[in-house]
Amino acid sequence: MHLLIPAAGSGRRMGSQRNKLLLSLLGKPLLSWTLAAAEASRQISWIGIMGQKEDFPDFQAILADLSLTKPVELIQGGATRQESVYNGLRALPTEADRVLIHDGARCLATPDLFDRSAEALLTCQGLIVAIPVKDTIKVVDAAKIVQETPDRSNLWAAQTPQGFEVKLLKKCHEEGREKGWEVTDDAALFEKCGLPVQIVEGEETNLKVTTPVDLSVAEFILRQRS
Ligand code: C5P
Numbered sequence: 282m283h284l285l286i287p288a289a290g291s292g293r294r295m296g297s298q299r300n301k302l303l304l305s306l307l308g309k310p311l312l313s314w315t316l317a318a319a320e321a322s323r324q325i326s327w328i329g330i331m332g333q334k335e336d337f338p339d340f341q342a343i344l345a346d347l348s349l350t351k352p353v354e355l356i357q358g359g360a361t362r363q364e365s366v367y368n369g370l371r372a373l374p375t376e377a378d379r380v381l382i383h384d385g386a387r388c389l390a391t392p393d394l395f396d397r398s399a400e401a402l403l404t405c406q407g408l409i410v411a412i413p414v415k416d417t418i419k420v421v422d423a424a425k426i427v428q429e430t431p432d433r434s435n436l437w438a439a440q441t442p443q444g445f446e447v448k449l450l451k452k453c454h455e456e457g458r459e460k461g462w463e464v465t466d467d468a469a470l471f472e473k474c475g476l477p478v479q480i481v482e483g484e485e486t487n488l489k490v491t492t493p494v495d496l497s498v499a500e501f502i503l504r505q506r507s
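So the sequence shown is numbered by the numbering used here: it starts at 282 and just counts up by one.
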């Protein structure tokens with residue numbers, strides 16, 4: 282199974298000047314934890330990392346330190362996550378018929394989660410890893426007045442990996458570019474094109490490191506694991 286890792290973001294919400302994936306988590310760059318899980322997955326056979334050119338030397342150093350056994354390619358990222366994934370899809374080897382996409386910032390995903398997602402992707406066209414939401418979610422207007430309370434039993438929080446048939450996802454990305462759709466995950470493009478997206482049970486610890494608090498929580502979880 283081919284894996285694409287969007288890793289071309291910044292550290293803005295982290296309050297950092299550099300890409301948050303290069304910040305230290307228990308003495309190692311955050312991205313190296315994500316890559317170590319992908320390396321340990323039985324199903325992943327190829328890894329593409331989308332990054333900004335200025336981060337490539339740091340990415341190379343991480344790869345050299347990990348000595349991965351799987352082929353890894355560095356791919357130019359874009360101005361948005363959507364554009365980074367688009368570039369990644371175009372850089373996939375021609376034999377790739379299915380692909381998992383996993384945010385570099387979700388550095389606590391386990392090898393088992395990659396394996397379960399890859400196995401499930403053999404029986405569907407598109408999937409996302411997700412967990413039922415624990416909070417009651419409110420729909421709010423611009424004046425911060427609550428408009429609606431959706432039934433919580435229907436709500437799931439989307440995570441990554443997300444997986445798709447490559448040909449279909451490429452088509453969805455092309456349509457999205459033509460129509461100016463701006464989305465924050467790939468499943469949203471699939472949905473907009475009327476294609477089915479299957480849910481695979483995610484992991485509560487598979488958080489996306491976005492703020493300094495997330496970094497502390499991630500450190501705590503990794504300590505518990507070791
Ligand atoms: O900013 P956020 O954490 O939501 O980004 C999700 C993932 O997308 C991160 O791993 C980030 O590095 C990646 N990303 C990207 N290209 C961008 C923006 C974000 O690959 N232009």
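C-beta atoms are modelled at their ideal positions from N, C-alpha and C, and glycine is treated no differently.
Beta-carbon proximity of residue i to residue j, cut-off 8 Å
{"i": "I426", "j": "I480", "result": "no"}
{"i": "L316", "j": "L503", "result": "no"}
{"i": "R387", "j": "K489", "result": "yes"}
{"i": "R355", "j": "I325", "result": "The amino acid occupying residue 355 in the given sequence is Leu; Arg does not appear at that position. Against a cut-off of 8 Å, the Cβ pair of I325 and L355 comes out as no contact."}
{"i": "Q443", "j": "I412", "result": "no"}
{"i": "S313", "j": "L349", "result": "no"}
{"i": "G332", "j": "F340", "result": "yes"}
{"i": "I382", "j": "D467", "result": "yes"}
{"i": "L470", "j": "W462", "result": "yes"}
{"i": "W327", "j": "P374", "result": "yes"}
{"i": "E380", "j": "F445", "result": "The sequence given here has Val at residue 380, not Glu. Cβ distance < 8 Å, so V380 and F445 count as in contact."}
{"i": "K351", "j": "E400", "result": "no"}
{"i": "G457", "j": "V464", "result": "yes"}
Residue i, DSSP secondary structure in three states
{"i": "T430", "result": "coil"}
{"i": "W462", "result": "coil"}
{"i": "G296", "result": "coil"}
{"i": "H383", "result": "coil"}
{"i": "K415", "result": "coil"}
{"i": "I484", "result": "For the sequence presented, residue 484 should be read as Glu rather than Ile. Looking at E484 - three-state DSSP - the assignment turns out to be coil, as it is neither helix nor strand."}
{"i": "G579", "result": "Residue 579 lies beyond the stretch modelled for the chain, which goes from 282 to 507, so this question has no answer here."}
{"i": "T441", "result": "strand"}
{"i": "E500", "result": "helix"}
{"i": "V494", "result": "helix"}
{"i": "P392", "result": "helix"}
{"i": "G369", "result": "helix"}
{"i": "G478", "result": "One detail in the question is off: residue 478 reads as Val in this sequence, not Gly. Coil, per DSSP."}
{"i": "L402", "result": "helix"}
{"i": "L436", "result": "coil"}
{"i": "E446", "result": "strand"}
Top-ranked residue by Cα proximity to residue i, from the options
{"i": "P509", "options": "Q443, R379, I418", "result": "Since the first residue shown for the chain is 282 and the last is 507, residue 509 is missing from the structure and cannot be characterised."}
{"i": "A288", "options": "K309, W327, A360", "result": "A360"}
{"i": "R362", "options": "L304, L476, S313, G290", "result": "G290"}
{"i": "S297", "options": "Q505, F501, T492, A499", "result": "T492"}
{"i": "D378", "options": "E500, A424, Q406, S365", "result": "Q406"}
{"i": "S507", "options": "R293, D393, L389", "result": "L389"}
{"i": "A499", "options": "N435, V478, F395, G308", "result": "G308"}
{"i": "H454", "options": "W437, L476, L436", "result": "L476"}
{"i": "N487", "options": "R323, R371, A424, G385", "result": "G385"}
{"i": "V414", "options": "I286, F501, K334, E485", "result": "E485"}
{"i": "S322", "options": "M295, L394, E335, N435", "result": "L394"}
{"i": "D495", "options": "R299, L304, G369", "result": "L304"}
{"i": "D416", "options": "W437, D422, Q428, A423", "result": "W437"}
Interface flag, residue i vs chain C, CB-CB below 8 Å
{"i": "V427", "result": "In summary, chain C is missing from the structure at hand, where a single protein chain is found."}
Heavy atoms of the ligand C5P versus C-beta positions, residues under 6 Å:
P287, A288, A289, G290, L302, M331, G358, G359, A360, T361, R362, S365, D384, G385, A386, K489, T491
Could you name each continuous beta strand (DSSP E) segment of 3 residues or more that falls completely within the region 289 to 366, going from the start of the chain to the end?
327 to 332, 353 to 357
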